[in-house]
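Asker: I have a structure here, written as structure tokens, and I will follow up with some questions on it.
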Amino acid sequence: MKQLAYYPGCSLHGTAPELDSSFRASAAALDVELAEIPGWECCGNTAAHSADRLLAAALPVNELTKVKTDMRLDAVAVPCAACFSRFMAGAHEMQDEGMRADVERVVGRAYPGGVTVRNLVDVYYDEVGLDELTTRVTRPFVGLKVAAYYGCLLTRPPEVTLADDPEYPTHMEAIVKALGAVPVEWSYKTDCCGASLALCEQDVVIELVRKILTNAKACGAEAVVCACPLCQVNLDTRQAGIKTKDAAWQEIPILYLSQMVGRAIGVPEGKLGLKKHMVDVVGVMA
Amino acid sequence: MAAIDTALAARVSAEAGTNAYKCYQCKKCSTGCPVAGFAELHPAQIIRLVQLGDLDSVLDGDFIWLCTGCETCTTRCPQGIDIAAVMDEMRIIARQTKRVKKDAPFANILDLNLKSMKRWGRLYEVELLMLDKLTRPSSLMDDVGMGIKMFAKGKINPLPTVGDRTQMKRMLAEIEKIKGERS
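Chains as they are written, first to last, in this note's numbering: chain A, 21 to 306; chain B, -1 to 181.
Below, the structure written as structure tokens:
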């Protein structure tokens, strides 16, 4: 049994309950025990780094310190890509001695370092591993064509995220392949969906989403799978906006990677939250 | 003619932890930028304005409030400039000097986001949405239908979940103290 600290972040307690439940259930089924960080606080995205660099670093470092010093764990699962990005950025900022001294003063104790930050893809790819995952599949997808969407913050910038191929990542493709699905090659997998502007620049966001999903469909995808609650909500809900501009728009389901893993390894459907989507996913997940 | 602040690039570089002088206008950042086509200026132009010391043109334009922070520019810059950090710094300067562009809705969201975090230790999505509608009347009817649908599907949590607010307050107070000592 592996034990990871767990930082759900605000979205998983709000707009993405199906990510929280499908992630928890699939992790448990794969013998990964998740221990939620007690009293976790905001990671600072998106506001803190646009307001104060010290605050932006201190917020995630405060959480990393709790993981190592209080929980005595060496790794933390952070399924929200925006939170993951802040955790990695915080750890990266600690390489600067002046910043580190300031952050330690703000947090109120020494930064111990030595915590591996795992995003949703990493948990399945690195912590569980493809071989183990493959042996756990009891209900494979049969030839479902999916476009794996990474968006911005899982891979960029690579100096911070430590992603090995930031322009054309393929770990998610390897995972869905292990589940029996067929990943498509496509051009928009790391293009930004504009989620940070979702509440305030709707025309921009609808156009960004339209471009991404148009390419996914053109490349043969029957569904898009993603690993970020902000991307999922944006790609899912904004299709209604695309429809108001283009009545002929054919909707495409937007899945969480954890839902696909969960379904393939036999997690009970009640934990997958398939009814929580705006665009129906029940058909492709049947 | 805009006022020229020749120390701008040095100041921005120091604060953002990168070197804005190194840009030679290859425009890879602008080519990859998802919002360049929607804004008055594009990222390479912002960096040039910073080099030239023309803060007014940066703050009067809409680019810094359309930037999604997607880090494509930073990732692709052949000169290794952290362009996204420069954009962060321009937003920080806009806030500090109280020169946030009036019709920039993103600035309002960021402000409410910070307040929510300070109040609850976490982001309270519903409160942020409601306050945005009250403080930015043009948003009043946006997404009302979608909000109702999401609520019906249990994707909107009406109650805040609360983090360690004592530690949050302590950290914010210490940051103010550090700033005070250095100003």
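Every residue, glycine too, gets a C-beta built ideally from N, C-alpha and C. The structure displayed is predicted, hence computed values, not measured ones.
Does A47(A) pass the burial test, meaning 16 or more other C-beta atoms within 10 Å, or should it be called exposed?
Answerer: Counted from its first residue, the first sequence places residue 47(A) at position 27. Buried, because 16 or more other Cβ atoms sit within 10 Å of the Cβ of A47(A).
Asker: Thinking C-alpha only, which one of Q94(B), N155(B), V98(B) is nearest V124(B)?
Answerer: As a first step, residue 124(B) is located in the second sequence; it is residue number 126 there, counting from the start. Measuring from the Cα of V124(B), the nearest candidate turns out to be N155(B).
Asker: Skipping 5 residues on each side, what residues in its chain have a beta carbon closer than 6 Å to that of L173(A)?
Answerer: Here residue 173(A) is taken as the residue at index 153 of the first sequence, counted from 1. Within the same chain, L173(A) has close Cβ partners A101, A102, S105.
Asker: Counting only the same chain and skipping the five closest in sequence on each side, list residues whose C-beta sits under 8 Å from that of Q270(A).
Answerer: In the first sequence, counting from the first residue as 1, residue 270(A) sits at position 250. Excluding positions up to five away in sequence, the list reads K237.
Asker: Is the beta carbon of C63(A) sitting closer than 7 Å to the one on G171(A)?
Answerer: Residue 63(A) sits at position 43 when you count from the first residue of the first sequence. Residue 171(A) sits at position 151 when you count from the first residue of the first sequence. Taking 7 Å as the Cβ cut-off, C63(A) and G171(A) do not qualify as a contacting pair.
Asker: Considering only C-alpha positions, which residue in the set E174(B), L50(B), S137(B), R134(B) is nearest to T4(B)?
Answerer: In the second sequence, counting from the first residue as 1, residue 4(B) sits at position 6. Of E174(B), L50(B), S137(B), R134(B), the residue nearest in Cα terms is L50(B).
Asker: Any beta-carbon of chain B closer than 7 Å to the one on V224(A)?
Answerer: Stepping through the first sequence from its first residue, residue 224(A) is reached at position 204. With 7 Å as the cut-off, V224(A) counts as an interface residue toward chain B.
Asker: Within its chain, find whatever has a CB closer than 8 Å to the CB of P298(A); leave out the 5 residues flanking it on each side and keep chain order.
Answerer: Stepping through the first sequence from its first residue, residue 298(A) is reached at position 278. Rather than Pro, the amino acid found at residue 298(A) in this sequence is Met. So the qualifying residues of the chain are D256, T257, Q259, A260.
Asker: For E242(A), which of helix, strand or coil comes out of DSSP?
Answerer: Translated into the one-based positions of the first sequence, residue 242(A) becomes position 222. Three-state result, E242(A): coil.
Asker: Cutting at 8 Å between CB atoms, please list the residues of its own chain near T158(A), excluding the five before and the five after it.
Answerer: Along the first sequence, one-based indexing puts residue 158(A) at 138. If we look at T158(A) and ignore the five residues flanking it on each side, its Cβ neighbours are A284, I285, G286.
Asker: Is DSSP giving A25(A) helix, strand or coil here?
Answerer: In the first sequence, residue 25(A) corresponds to position 5, counting from 1. The answer is strand: DSSP assigns A25(A) an E or B state.
Asker: Starting from T4(B), find everything on chain A with Cβ-Cβ shorter than 9 Å and list it in chain order.
Answerer: Stepping through the second sequence from its first residue, residue 4(B) is reached at position 6. Near T4(B) there are no residues of chain A at all, since even the closest Cβ is about 23 Å away, more than 9 Å.
Asker: Going by DSSP, name the residue or residues bridged to L275(A).
Answerer: For the purposes of this step, residue 275(A) is identified with residue 255 of the first sequence, where counting begins at 1. V245(A).
Asker: I'd like the list of long-range same chain contacts for V160(B), defined as Cβ closer than 8 Å, with 5 residues on each side in sequence excluded.
Answerer: On the second sequence, residue 160(B) is found 162 positions in, with the first residue counted as 1. So the list reads W118, G119, R120, once near-sequence residues are dropped.
Asker: What separation, rounded to the nearest whole angstrom, lies between the Cα atoms of K99(B) and I81(B)?
Answerer: Position 101 of the second sequence, counting from 1, holds the residue named residue 99(B). Position 83 of the second sequence, counting from 1, holds the residue named residue 81(B). Between K99(B) and I81(B), the C-alpha separation is close to 20 Å.
Asker: Using 10 angstroms around the beta-carbon of V138(B), count the other beta-carbons present and answer buried if the total reaches 16, otherwise exposed.
Answerer: In the second sequence, counting from the first residue as 1, residue 138(B) sits at position 140. This sequence places Leu at residue 138(B); Val is not what is there. Classification of L138(B): exposed, given that the 10 Å Cβ count is below 16.
Asker: If you measure between the beta carbons of E87(B) and A14(B), is that distance less than 7 Å?
Answerer: On the second sequence, residue 87(B) is found 89 positions in, with the first residue counted as 1. On the second sequence, residue 14(B) is found 16 positions in, with the first residue counted as 1. In this structure, A14(B) lies closer than 7 Å to E87(B) by Cβ.
Asker: What does the Cβ neighbour count give for G214(A), buried or exposed, with the cut at 16 atoms within 10 Å?
Answerer: Sequence index remark: in the first sequence, residue 214(A) carries index 194 (1-based). Buried, since its Cβ has 16 or more Cβ neighbours within 10 Å.
Asker: Kindly indicate which residue of D142(A), W60(A), C248(A) has the alpha-carbon position closest to the one of A97(A).
Answerer: Residue mapping note: residue 97(A) aligns to position 77 of the first sequence, counting from 1. The shortest Cα separation from A97(A) among D142(A), W60(A), C248(A) belongs to D142(A).
Asker: Would you tell me roughly how many angstroms separate the C-alpha atoms of M280(A) and V123(A), rounded to the nearest one?
Answerer: The count along the first sequence starts at 1 and reaches residue 280(A) at position 260. The count along the first sequence starts at 1 and reaches residue 123(A) at position 103. Straight-line Cα distance between these residues: approximately 39 Å.
Asker: Give me the chain A residues within the contact set of I173(B), using Cβ-Cβ distance strictly less than 8 Å, ordered along the chain.
Answerer: Here residue 173(B) refers to the residue found at position 175 of the second sequence. Those within 8 Å of I173(B) in chain A are D72, L74, L75, A78, V126.
Asker: Determine the chain A residues that contact V33(B) at a beta-carbon separation under 7 Å, and present them in chain order.
Answerer: Locating residue 33(B) in the second sequence gives position 35, where the first residue counts as 1. Within chain A, the residues near V33(B) are V224.
Asker: At least one CB of chain A closer than 7 Å to the CB of T73(B): is that the case?
Answerer: Start at 1 with the first residue of the second sequence, and residue 73(B) comes out as number 75. It does; some Cβ of chain A falls within 7 Å.
Asker: Would you call D109(B) buried or exposed, if buried means 16 or more other Cβ atoms sit within 10 Å of its Cβ?
Answerer: To locate residue 109(B), count along the second sequence from 1; it is residue 111. With 16 or more other Cβ atoms within 10 Å, it is buried.
Asker: Beta-carbon of I107(B) versus every beta-carbon of chain A: anything under 7 Å?
Answerer: Residue mapping note: residue 107(B) aligns to position 109 of the second sequence, counting from 1. So, interface residue.
Asker: Is there a C-beta anywhere in chain B that falls below 7 Å from the one on H191(A)?
Answerer: In the first sequence, the residue the question calls residue 191(A) occupies position 171. Answer no: the Cβ-Cβ gap between H191(A) and chain B never drops below 7 Å.
Asker: Kindly say whether W269(A), judged by its beta-carbon, lies nearer than 7 Å to any beta-carbon of chain B.
Answerer: Indexing the first sequence from 1 puts residue 269(A) at position 249. With 7 Å as the cut-off, W269(A) does not count as an interface residue toward chain B.
Asker: For P203(A), which beta-bridge partners are listed by DSSP?
Answerer: Counting from one through the first sequence, the residue named residue 203(A) turns up at place 183. For P203(A), which the question treats as bridged, DSSP gives the partners V166(A).
Asker: Please report the residue range of the beta strand (DSSP E) in which L84(A) lies.
Answerer: Residue 84(A) sits at position 64 when you count from the first residue of the first sequence. Element bounds for L84(A): not the beta strand (DSSP E) but the alpha helix (DSSP H), 73 to 85.
Asker: Using only the alpha-carbon positions, how far apart do R74(B) and T66(B) sit?
Answerer: Position 76 of the second sequence holds residue 74(B). Position 68 of the second sequence holds residue 66(B). If you take the alpha carbons of R74(B) and T66(B), they lie about 16 Å apart.
Asker: Would the beta-carbon of A0(B) fall within 7 Å of that of D60(B)?
Answerer: What you label residue 0(B) is simply residue 2 of the second sequence in a count that begins at 1. What you label residue 60(B) is simply residue 62 of the second sequence in a count that begins at 1. No, the Cβ-Cβ distance between A0(B) and D60(B) is not below 7 Å.
Asker: Note down, one range per segment and in chain order, each alpha helix (DSSP H) of at least 4 residues found wholly within the stretch 103 to 156 of chain B.
Answerer: Here the runs fully enclosed are 103 to 118, 123 to 133, 142 to 150.
Asker: Give the residues of chain B in contact with R176(A), contact being defined as C-beta atoms less than 8 Å apart.
Answerer: One-based indexing of the first sequence puts residue 176(A) at position 156. Within chain B, the residues near R176(A) are C68, E69, T70, T72, T73.
Asker: Can you name the residues of chain B whose CB is closer than 8 Å to the CB of H112(A)?
Answerer: What you label residue 112(A) is simply residue 92 of the first sequence in a count that begins at 1. Result: empty, since nearest Cβ-Cβ is about 10 Å, beyond 8 Å.
Asker: Which first and last residues belong to the beta strand (DSSP E) in which L54(A) is found?
Answerer: Translated into positions along the first sequence, residue 54(A) becomes position 34. L54(A) -> beta strand (DSSP E) spans 52 to 56.
Asker: Straight-line CA distance for L217(A) to R230(A)?
Answerer: Position 197 of the first sequence holds residue 217(A). Position 210 of the first sequence holds residue 230(A). Going from the Cα of L217(A) to the Cα of R230(A) covers about 15 Å.
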